[in-house]
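Take a look at the structure set out below.
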Amino acid sequence: MRLSRFFLPILRETPKEAEIASHRLMLRAGMIRQEAAGVYSFLPLGLRVLQKICRIVREEQDRAGAIELLMPTIQAADLWRESGRYDAYGKEMLRIKDRHDREMLYGPTNEEMITAIFRSYVRSYKDLPLNLYHIQWKFRDEVRPRFGLMRGREFLMKDAYSFDVDFAGAKHAYNRMFVAYLRTFARMGLRSIPMVAESGPIGGNLSHEFIILADTGESEVFCHSDYLGFEVPKPDVDFGSVPALQAIVDQWTSLYAATSDKHDELAYGAIAPEKRVSARGIEVGHIFYFGTKYSEPMKAVVAGPDGVERPVHMGSYGIGPSRLVAAIIEAFHDEAGIKWPEPVAPFQVAILNLKQGGSDTDPACEALYAALAAKGIDTLYHDLDERPGAKFAMADLIGVPWQILVGPRGLAEGKVEVKRRSDGQRELMSAADAVARLTVSPA
RNA sequence: CGGAGUGUGGCUCAGCCUGGUAGAGCACCUCGUUCGGGACGAGGGGGUCGCAGGUUCAAAUCCUGCCACUCCGACCA
C-alpha cells in the first residue's frame with residue numbers, strides 16, 4: 005500500500021478524551037474514531053488489525069472443531085422471553101421497536117438464538133458434539149463506557165456455543181475451547197492466564213476468564229507466577245483426544261489464579277511469597293459451561309441411544325476481538341507509539357523514502373516495494389514528500405514491526421537501513437538482504 | 001443513577017470572572033528555500049463560539065432549560 009493512496013489520518017496531538025495508552029494511540033494512529041459514547045468507527049488501519057485478530061481467532065476456532073455461521077445483530081424479544089432473560093437482563097440491553105411496534109433488541113449475546121437454531125434442526129445424539137460460532141457486533145448499554153475500545157458499548161465478539169449429550173461431552177467441548185484460547189492469545193503475542201471466574205448473568209457453574217496482565221487492566225488479579233512460564237499447546241495438539249486436552253487443562257488450572265471477585269486470601273497466602281503475582285489484568289476471553297440452563301426452557305433436546313429425549317448440555321465461549329486490539333496495544337507500546345507483534349500488525353514493514361523525488365531513492369524504493377509485494381508481504385510505502393523526521397515519527401506511532409529506511413547516504417554504499425520496532429535495533433544491509441530477511445508470518 | 005467537569009475553525013487550547021461582535025499553535029492551500037529524527041519565509045482559505053430561549057443598545061462572555069462528551073463511584077466481554 006502506498007501511503008499516498010491510503011487513508012491514514014494520524015493526529016499529532018492527543019484528543020482530550022483519551023485516558024489510557026491504547027485509546028490515545030489508537031486515536032493518534034488513525035485507527036478509530038469515536039461516534040458516540042462507547043461506539044467507534046474503525047478506520048482503515050484499525051480495521052486491518054481487527055481483521056488480522058479475527059483471522060487468528062477463526063483459525064484456532066476451526067482447528068478446535070468449531071464451525072462458523074453468522075447470526076444477526078437484531079433479535080426478536082420473544083426469543084428472550086422464552087429463556088426468561090428479556091426481563092432479567094435489565095437496562096444493559098438495548099431495546100428497539102420496529103414500525104409495527106414489535107419488540108426487538110440489539111443482541112448483547114446469542115445464547116437464545118443459537119439454541120433456537122439448534123433445536124430446529126438437531127434431533128439426535130448422533131449429530132453431537134456440535135460447536136457453532138460467529139463473530140458479530142454486540143451492544144451492551146454499559147452504565148459507563150470508558151477506555152476506548154476496552155469498554156465500549158458496541159463491540160465485536162466471537163461467541164461460540166457447544167452442544168453435547170452429557171456433562172462429560174460438554175467438559176471436553178469446554179476443554180477444546182480452553183486450549184484453543186490459550187493458543188489464540190499466544191499467537192497474538194499475549195500470555196493469557198485462565199482464572200476462576202464468576203459466571204455472571206450467563207449462569208452456570210464452570211467458568212474461566214482469560215486474563216492478560218497489564219498495568220492498565222480493569223480488574224485486580226492474583227496468581228502463581230509459574231503460569232508465566234507454562235508452555236502453550238502446539239498447533240498439532242489433538243483436539244479429539246479427551247485425555248490429552250484434559251492434561252493441558254489440568255496443568256493450566258493446577259495453580260492458584262483468580263480475579264478479585266473470586267479471590268481467596270487463604271489459598272493465595274499458601275503460595276510461596278516470591279511466587280505470588282498480584283497485578284492488574286485485562287479480560288480478553290471468557291468461557292462458560294452452563295448445562296441445560298437454556299436448552300431446558302427452550303426445549304432444545306436430542307434423543308439419546310436409548311431413544312429418550314434429553315436437553316442438551318451447553319457452553320458458551322467469548323473472545324472480544326475489538327477489545328483485543330486495545331489489549332495488545334496496552335501490552336506493546338512505548339513513548340513513541342505502538343509496537344505491534346507481527347501476526348497482528350496492520351502492515352509488516354514500512355518503506356521510508358528519506359528523499360522523496362530523489363533520483364536514487366525513488367527507484368530504490370519502488371524496486372523494494374515490488375520485491376516485497378512479490379513475496380506477499382504487507383508493505384506500507386511512505387511515499388509522501390515529508391521531512392524524514394515526520395516519517396520516522398509516524399512509522400513509530402503506527403508501530404509496524406519493521407522499517408526500511410532508504411536514503412541517499414546509505415544508497416551511496418548500496419545499503420538500506422532495517423530497523424526493528426520492537427527494540428529499535430538497526431542494521432545496514434543491501435536491499436536484497438532486507439527483502440530476504442522478511443518472511444510472511446506463519447500460522 | 002449520584003458526584004465533578006468540558007463543549008470556541010480538522011486537532012490542542014486561550015478569550016468568559018470584569019458583555020462591545022473571535023484569537024494562537026499545529027494541520028490545510030499557493031510560491032520559494034529546505035530535506036538522515038516532527039524545517040523556514042511570504043501569502044491565503046476556513047468558525048451561525050453545542051442547541052433553544054431570556055436579559056441587554058449590544059452576548060462566546062450574564063441567566064434558564066436541554067443535548068452531547070469526559071472523569072470519579074455503583075455495574076460489566
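Just so you know, we're using this note's numbering here: the first sequence kicks off at 5 and counts up by one.
Glycine residues also receive a C-beta, built at the ideal position from the N, C-alpha and C atoms.
Since the structure is predicted, the reported quantities are computational estimates derived from the model, not experimental observations.
*Per-residue burial, residue 125 [other beta carbons within 10 Å of its own, 16 or more giving buried]*: exposed
*asked:* I need the DSSP call for residue 189, collapsed to helix, strand or coil.
replied: Note: residue 189 maps to helix in three-state DSSP.
*So what's residue 196 in DSSP terms, helix, strand or just coil?*
strand
*Going by CA-CA distance only, name the one from 110, 27, 294, 86 that's closest to residue 97.*
110
*Assign residue 326 to one of two classes, buried (16 or more other C-beta atoms within 10 Å of its C-beta) or exposed (fewer than that).*
So residue 326 ends up on the buried side.
*Which whole-angstrom value describes the C-beta separation of residue 4 and residue 57, a residue pair presumed to lie in contact below a C-beta threshold of 8 angstroms?*
As shown, the chain starts at 5 and ends at 447. That puts residue 4 outside it, with no answer to give.
*Helix, strand or coil at residue 411 according to DSSP, with G and I counted as helix*: coil
*residue 87 to residue 198, Cα distance in whole Å?*
29 angstroms
*Assess, as a yes-or-no matter, whether the segment 235-243 is touched by the segment 183-195 under the definition of 3 or more beta carbon pairs within less than 8 angstroms.*
yes
*On the three-pair Cβ rule with 8 angstroms, is the segment 240-253 touching the segment 366-379?*
no
*What do you get for residue 361, buried or exposed, if any count of 16 or more other CB atoms within 10 angstroms of its CB means buried?*
exposed
*Under the DSSP definition of a beta bridge, which residues are partnered with residue 17?*
Beta-bridge pairing links residue 17 to no other residue.
_Tell me the DSSP secondary structure of residue 79 in three-state form._
strand
*Under 9 angstroms, do residue 201 and residue 267 count as touching if we go by C-beta distance?*
no
_Contacts around residue 375, its chain only, beta-carbon distance under 6 angstroms, and the 5 residues preceding and following it disregarded_ = 439
*Compute the Euclidean distance between the alpha carbons of residue 317 and residue 177, then round it to the nearest angstrom.*
Cα to Cα, residue 317 sits roughly 10 angstroms from residue 177.
*Which runs of the alpha helix (DSSP H), 4 residues or longer, sit entirely within the segment 300-374?*
325-335
*asked:* Excluding the 5 residues flanking residue 409 on each side, which residues of the same chain have their C-beta closer than 7 angstroms to its C-beta?
replied: 356, 358, 420, 421, 423
*By how many angstroms is the C-alpha of residue 72 removed from the C-alpha of residue 465?*
Because the chain in this structure spans residues 5 to 447, residue 465 falls outside the shown range and cannot be described.
*How would you write the range of the alpha helix (DSSP H) that residue 210 sits in, first residue to last?*
Counting along the chain, residue 210 falls outside any alpha helix (DSSP H), though it belongs to the beta strand (DSSP E) covering 210-217.
*Rank 383, 120, 391, 293 by C-alpha distance to the C-alpha of residue 402 and give the top, closest one.*
383
*Please determine if the segment 104-120 and the segment 72-83 are in contact, where contact requires at least 3 C-beta pairs separated by less than 8 angstroms.*
yes
*Are at least three pairs of beta-carbons, each pair with one atom in the segment 163-178 and one in the segment 308-317, less than 8 angstroms apart?*
yes
*Length of the line joining the Cα atoms of residue 275 and residue 256*: 16 angstroms
*Hey, quick one: how far does the beta strand (DSSP E) through residue 36 stretch, first residue to last?*
36-40
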